[in-house]
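These notes are about the structure you will find just below.
In this note's numbering, the protein residues as written are 649 to 965.
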């Protein structure tokens, strides 16, 4: 058994919500550990090519830059990070919460904040699984966008993340096809207007990608249906943004969730004693970066109250 780590607060997830909570908790004197399944911090926010409606940055900034600043801020206040390690099991040990980790170690803490957000929904279309990672991608790694210089790509989705990816890719690609199932975009107005002005973005609403295929192991074609019209596009990349589902399966039903798997909370506390939830994973949350940052801060205030109650119980007051 690997050694046990102890903390006042264990945060699962290093996206905007988890990082905000870490900054607030550590700066207020709580021993804080953040566990992140990926080897990079930032959650889905790290894939935002340009955030222009975040308070205090009138010229906008990239998701990775915002998350990097938050990470270093949390580190400065003493937050400890465990990256590339997944939470696999939650259980109690007296007054403490215990989280087992995928590397065989475990963490004992007084309180836990679940802020591990969402994972991409998988697209059901012929050839997608075969070419995932070989021209088909969930989300967008902006650092790789230059690889599509003067090429043609497909972006699937109609909300903010898809539109941000489309406009970023349009800086490099010769042509970007933005495929939306709905009859119109569901993004912020400034993004809708930007898409309409971008000459090398072709918006295909009321459409769906039905298959992808390639040659010699390389992605080459995408078939798109728009009403009664079927088009075969010669493309070099497909980027999928069709929504996400909460990362709650590992809890094995311990904490109550709604019909869609989102954690039910009251004052950010779940139905599991000492376990809180904030950000995208929480039922009723607003799926925006700024909202997640705010929830992380408010959740820490609730956790402080919980820790004070636990301290009183320990003293027998």
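Positions of the beta carbon are idealized from the N, C-alpha and C atoms, including for glycine. Bear in mind that the values here come from a model prediction, so they are computed numbers and not experimental data.
- Query: Helix, strand or coil: how does DSSP classify residue 769 here?
  - Reply: Position 121 of the chain shown, counted from the first residue, corresponds to residue 769. Residue 769: coil per DSSP, three-state reduction.
- Item | Cβ-based burial, residue 718 [other Cβ within 10 Å; buried from 16] | Along the chain shown, read from residue 1 onward, the residue named residue 718 stands at position 70. By the neighbour-count rule (16 or more Cβ atoms within 10 Å), residue 718 is buried.
- Task: Using only alpha-carbon positions, find the residue among 727, 936 and 658 that is nearest to residue 836.
- Result: By one-based count along the chain shown, residue 836 stands at place 188. The candidate whose alpha carbon is nearest that of residue 836 is 936.
- Message: Going by the DSSP bridge assignment, what does residue 850 pair with across the sheet?
- Response: What you label residue 850 is simply residue 202 of the chain shown in a count that begins at 1. In the DSSP output, where bridge partners are listed per residue, residue 850 has 825.
- Item | residue 947 in three-state terms, based on DSSP | Sequence index remark: in the chain shown, residue 947 carries index 299 (1-based). Correct three-state label for residue 947: helix.
- Query: Using a Cβ-Cβ distance under 8 Å, would residue 871 count as near chain C?
  - Reply: Among the chains in the structure shown there is no chain C, since it carries only a single protein chain.
- Report all residues from its chain with a CB closer than 6 Å to the CB of residue 728; omit the five preceding and five following residues, and keep chain order. The residue you call residue 728 lines up with position 80 of the chain shown. Within the same chain, residue 728 has close Cβ partners 681.
- Mind reading off the beta-carbon distance from residue 593 to residue 703? Whole number of angstroms is fine, and I expect it under 8 Å. Given that the chain is displayed from residue 649 to residue 965, the structure contains no residue 593 and the question cannot be resolved.
- Is residue 711 buried or exposed, if buried means 16 or more other CB atoms sit within 10 Å of its CB? Sequence index remark: in the chain shown, residue 711 carries index 63 (1-based). Classification for residue 711: buried.
- Item | Proximity below 8 Å, CB of residue 828 to CB of residue 814 | One-based indexing of the chain shown puts residue 828 at position 180. One-based indexing of the chain shown puts residue 814 at position 166. No, the pair does not count as a contact, with Cβ atoms beyond the cut-off.
- Run the CB neighbour count on residue 834, radius 10 Å, all protein chains shown included, and call it buried at 16 or more, exposed below. Here residue 834 refers to the residue found at position 186 when the chain shown is read from its first residue. By the 10 Å Cβ count, residue 834 comes out exposed.
- Message: Using a Cβ-Cβ cutoff of less than 6 Å, which residues in the same chain neighbour residue 787 once the five nearest sequence positions on both sides are dropped?
- Response: Mapped onto the chain shown, residue 787 falls at position 139. Excluding residues within five positions, the ones whose Cβ falls inside 6 Å are 695.
- Are the segment 754–763 and the segment 946–959 touching by the rule of at least three beta carbon pairs closer than 8 Å? yes
- Start and end residues, beta strand (DSSP E) containing residue 894: Here residue 894 refers to the residue found at position 246 when the chain shown is read from its first residue. Its beta strand (DSSP E) spans residues 892–894.
- Assign residue 929 to one of three DSSP states: helix, strand, or coil. The count along the chain shown starts at 1 and reaches residue 929 at position 281. Residue 929: helix per DSSP, three-state reduction.
- Item | Member of 701, 771, 822 and 665 whose CA lies at the smallest distance from the CA of residue 889 | Your numbering for residue 889 matches position 241 in the chain shown. Residue 771 is the option with its Cα nearest to residue 889.
- With DSSP collapsed to three states, give me the class of residue 735. Taking the chain shown and counting its residues from 1, one reaches residue 735 at position 87. Note: residue 735 maps to strand in three-state DSSP.
- Closest Cα partner of residue 688 within the set 860, 897 and 661: Residue mapping note: residue 688 aligns to position 40 of the chain shown, counting from 1. Among 860, 897 and 661, the Cα nearest to that of residue 688 belongs to 661.
- Identify the continuous alpha helix (DSSP H) that holds residue 859 and give its terminal residues. Counting from one through the chain shown, the residue named residue 859 turns up at place 211. Per DSSP, residue 859 belongs to no alpha helix (DSSP H); it is in the beta strand (DSSP E), 855–863.
- Query: Taking the alpha-carbon positions, what's the residue 664 to residue 705 distance?
  - Reply: On the chain shown, position 16 is the one that residue 664 refers to. On the chain shown, position 57 is the one that residue 705 refers to. Those two C-alpha atoms are separated by around 16 Å.
- Collapsed DSSP secondary structure at residue 884 in the structure displayed: As a working note, residue 884 is residue 236 in the chain shown. Coil.
- Task: Tell me whether the beta-carbon of residue 882 lies closer than 8 Å to the beta-carbon of residue 800.
- Result: Counting from one through the chain shown, the residue named residue 882 turns up at place 234. Counting from one through the chain shown, the residue named residue 800 turns up at place 152. Yes, the Cβ-Cβ distance between residue 882 and residue 800 is below 8 Å.
- Message: Can you find the residues in the same chain that come closer than 7 Å, C-beta to C-beta, to residue 811, ignoring five residues on each side of it along the sequence?
- Response: Position 163 of the chain shown holds residue 811. Once the five neighbours on either side are set aside, the close Cβ partners of residue 811 are 833, 835, 839 and 843.
- Task: Note the first and the last residue of the continuous alpha helix (DSSP H) segment covering residue 713.
- Result: As a first step, residue 713 must be located in the chain shown, where it is residue number 65. Unbroken alpha helix (DSSP H) run through residue 713: 711–724.
- Item | For residue 804 and residue 684, the rounded distance between their alpha carbons | Within the chain shown, the letter at position 36 stands for residue 684. Within the chain shown, the letter at position 156 stands for residue 804. If you take the alpha carbons of residue 684 and residue 804, they lie about 27 Å apart.
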